[in-house]
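Let me begin by presenting the structure, written as C-alpha cells, before commenting on it.
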Amino acid sequence: MPHKNGTLNKQTADVAQLAISPNLPAPIPWLLDQIHAQGKEYLDVNPQTRLDLLESARSLVYALETPREAILRHCWSETTSYAAIETGINVGIFTALGTDDSPKTVAQLAKTTNVDPVLLVCTPGRMMKHLAAMGVLLETGKGTYQATGFSKTLTEEKYSDAFPLMTTRFTQGFLALPTFLAQTNHTNPTNPKHTAFHLGHNTTHSFFEHVQREPDTARRFNNHMGVYAQGRPRWMDPGFYPVQQQLVDGAVPAIDDEGVLLVDVGGSFGHDLLAFRRKWPDLPGRLVLQDLPEVVACVPAEVAELGVEVLGYDFFTPQTVVGARAYYLHSILHDWPDDLCRMILANLKAAMTPGYSKLLINENVIPDTGAYWETTSLDFIMMSIGSGERTESQWRALLEGAGLRVVRIWAAQRGVESLIGCELV
1168 MPHKNGTLNK QTADVAQLAI SPNLPAPIPW LLDQIHAQGK EYLDVNPQTR
1218 LDLLESARSL VYALETPREA ILRHCWSETT SYAAIETGIN VGIFTALGTD
1268 DSPKTVAQLA KTTNVDPVLL VCTPGRMMKH LAAMGVLLET GKGTYQATGF
1318 SKTLTEEKYS DAFPLMTTRF TQGFLALPTF LAQTNHTNPT NPKHTAFHLG
1368 HNTTHSFFEH VQREPDTARR FNNHMGVYAQ GRPRWMDPGF YPVQQQLVDG
1418 AVPAIDDEGV LLVDVGGSFG HDLLAFRRKW PDLPGRLVLQ DLPEVVACVP
1468 AEVAELGVEV LGYDFFTPQT VVGARAYYLH SILHDWPDDL CRMILANLKA
1518 AMTPGYSKLL INENVIPDTG AYWETTSLDF IMMSIGSGER TESQWRALLE
1568 GAGLRVVRIW AAQRGVESLI GCELV
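Here's what the structure looks like:
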C-alpha cells in the first residue's frame, strides 16, 4: 500500500508539473525559426504565406501554453468572449465604434448605445476590457477604445449574424453532445430525427425544419453561409477547376441554344452563382438557382439582374430542370446522412443526360492525417444535427453506391473544400 500511495503521489506531482509546463516544448525552437522565415516571406504579400504564417503562429501558441492555460482558454476566455461579442452586437457597440480609426471614450459609447457605463468598463473590467483583452477591440488608453478590422466587420449584419445563429440554433446542441453520445452508447449519430440538437434545444424539429419555420434563423444561416465562402479559393477560379474545358467544350450547340449550363441546387442566396457569373461573364448557357421557396423569396435583386434564374425547389423531390450540362451541390450532402443523400442523388440522376450532364459536389474531403481545424470544427457542428464531413473513401462509397462515377477530385489549399466531379455510370 505505501508503495502504491507513493507511486500515486509521484504521478500526481508529475501531472502537477506538466500542468504548468509548456505543452509541447520540443518543436518550439523549430517553430520560432519557421515563423522568422515566413515573416520575411509575408512581406511579399503572398496570400498562402499569410495562411502558413498564421498556422505556424497558432502551433507555437499551442506548444508554448501550459495545460493550465489551455484549460482556461477553452473554459474561460473563448466562451466569455463569445458572450461579450454577442452582447456588443445586441447593444450596438461595434456600430458605435464605427469603421474609422478614431478612438472613442466609454462615455461616448455609453451615450450612443444607452448602456450602463459600468457594464461597459470598470475596474477590474467589464465588457470593453474583455473585448480588448481578446483582440476584438484595441484599448488606446484609460476608458478609450478603437475599432479593429474584426469589430468593423461586425457592423454589418451579414457578418454579425453568425453569433445569434450559433447561440439560438447551434450552441445548445454542441453542449448536449457529451450527454447525447453517452445516452446512445457513443454510437456515431446518423439519424437526423434523433440528435444532440433535439436534446439540447428540447425540440421535436430538426435544424432545417427550424430554418423553414423561422425567418430570422433562415436569414442568419444564409448570411453565414455566404461569409463562410469569402476569401477562399473557389472551384471556378482559374487554376482550380478547368471550367471552359469541363463545362463548355463539348456542350455546344446545346448550350448555345439556350440550354442550361449550371444548376445550383440548394444554392441559398446565390452566392456561388454570382461569383461564377462575375468570373465567367461570357460563357453561354443559362444559370439556375434553386432553393426552398421561403429562401429564394429573399434572394437579393442583383442575382436576377445578372441573369440568374431563380426557382423554388426542394431537393427531396424530382428535379424540375432536366438535361442541364451540370448540377452543382455546395455544402448540401454534408448536412445529411447517407440514406437521405442517396435520395437527393437519385433525384439528380433522373434529370441527368447520359454522356452529357455532370454533377459537381463542392464539399470538404477529410484527409487521413493533418485535418484542418475549420474542417474538424464543422464536422462537430454537423455531428450535432446527425450528419458529418466525409473522407475520400466515404465520398466514393456514397457516390458509387448511388450509381455515379467519380471522374476526379479537384483540390486547392489545405482546409478548402474540394470539387468532386461525377458522371452517370
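Numbers 1168 to 1592, taken from my numbering, label the letters of the sequence shown in order. Glycine included, every Cβ here is placed at the ideal spot set by N, Cα and C. All values derive from a computational prediction rather than experimental measurement.
S1585 has E1530 as its beta-bridge partners, per DSSP.
The segment 1268-1329 contains, as complete alpha helix (DSSP H) runs of 4+ residues, the segments 1273-1280, 1284-1287, 1294-1300, 1316-1320 and 1324-1327 (chain order).
In the three-state DSSP reduction, H1391 falls in the helix class (H, G or I). Between the alpha carbons of T1484 and F1317 lies a gap of roughly 41 Å. The beta carbon of R1293 sits closer than 8 Å to those of V1285, L1286 and L1287, all from its chain and outside the five residues before and after it, given in chain order. Check the Cα spacing between V1419 and each of V1462, N1529 and Y1523: the tightest is with Y1523.
Taken in chain order, the unbroken stretches of alpha helix (DSSP H) that lie wholly in the segment 1477-1558 and span 4 residues or more are 1505-1518 and 1540-1551. The shortest C-alpha to C-alpha distance from M1295 to any of T1338, F1337, F1341 and S1248 is the one to S1248.
Cβ contact annotation for F1407 (same chain, cutoff 8 Å, sequence separation greater than five): P1400, R1401, W1577, A1579 and L1586, in chain order. One thing to note: E1556 has its Cβ within 7 Å of the Cβ of D1546. In the three-state reduction of the DSSP assignment, V1419 falls in the coil class, being assigned neither a helical nor a strand state. Take V1475, set aside five residues on each side of it, and the residues of its chain with a beta-carbon closer than 8 Å to its own are G1437, L1440, L1441, R1444, L1454, V1455 and L1456, in chain order.
The segment 1320-1340 and the segment 1254-1262 touch, with three or more beta-carbon pairs separated by less than 8 Å. Spanning the alpha carbons of Q1379 and T1233 requires a straight line of approximately 45 Å.
Rounded to whole angstroms, the gap between the alpha carbons of E1306 and G1255 is 15 Å.
Between the segment 1346-1360 and the segment 1537-1546 there are fewer than three C-beta pairs closer than 8 Å, too few to call the two in contact.
Taking the Cβ atoms as the reference, A1300 lies roughly 18 Å from R1235, outside the contact range of under 8 Å. Excluding sequence positions up to five before and after T1334, its CB lies within less than 7 Å of the CB of E1253, all in the same chain and listed in chain order. Contact between the segment 1461-1477 and the segment 1493-1503 is absent: fewer than three C-beta pairs spanning the two stretches fall below 8 Å. The C-alpha of S1244 is placed about 27 Å away from the C-alpha of T1179. The C-alpha of I1548 is placed about 10 Å away from the C-alpha of L1344. Of all alpha-carbon atoms in S1269, A1277 and T1279, the one lying nearest the alpha-carbon of A1314 is that of S1269. T1371 and L1450 have their C-alpha atoms roughly 46 Å apart.
Counting other Cβ atoms within 10 Å of its Cβ, W1197 stays below 16 and is therefore classed as exposed. Straight through space, the alpha carbons of A1329 and N1257 are spaced by roughly 13 Å. As DSSP reads the structure, L1566 sits in no beta bridge. Within the DSSP bridge table, the entry for Q1457 names V1432 and L1478 as partners. For V1574, the enclosing beta strand (DSSP E) starts and ends at L1571 to W1577.
Residues of the same chain with their beta carbon placed closer than 7 Å to that of N1369 are lacking, with the five preceding and five following residues left out of the count. In this structure, the straight-line span from the alpha carbon of Y1209 to that of L1220 is close to 8 Å. Secondary structure remark: continuous beta strand (DSSP E) runs of at least 3 residues inside the segment 1346-1385: none found.
Within its own chain, the residues whose Cβ lies closer than 8 Å to the Cβ of R1509, once the five positions on either side in sequence are excluded, are L1565, G1568 and A1569, listed in chain order. Between D1481 and the set E1472, D1458 and L1571, the nearest pair of CA atoms involves D1458. Taking V1430 as the centre and dropping the five residues before and after it, the same chain places the C-beta of V1455, V1488, A1491 and Y1494 closer than 6 Å to its C-beta, in chain order. Note: V1427 is bridge-paired with R1453 in the DSSP secondary-structure output. Taking the Cα positions, I1499 is about 12 Å away from F1375.
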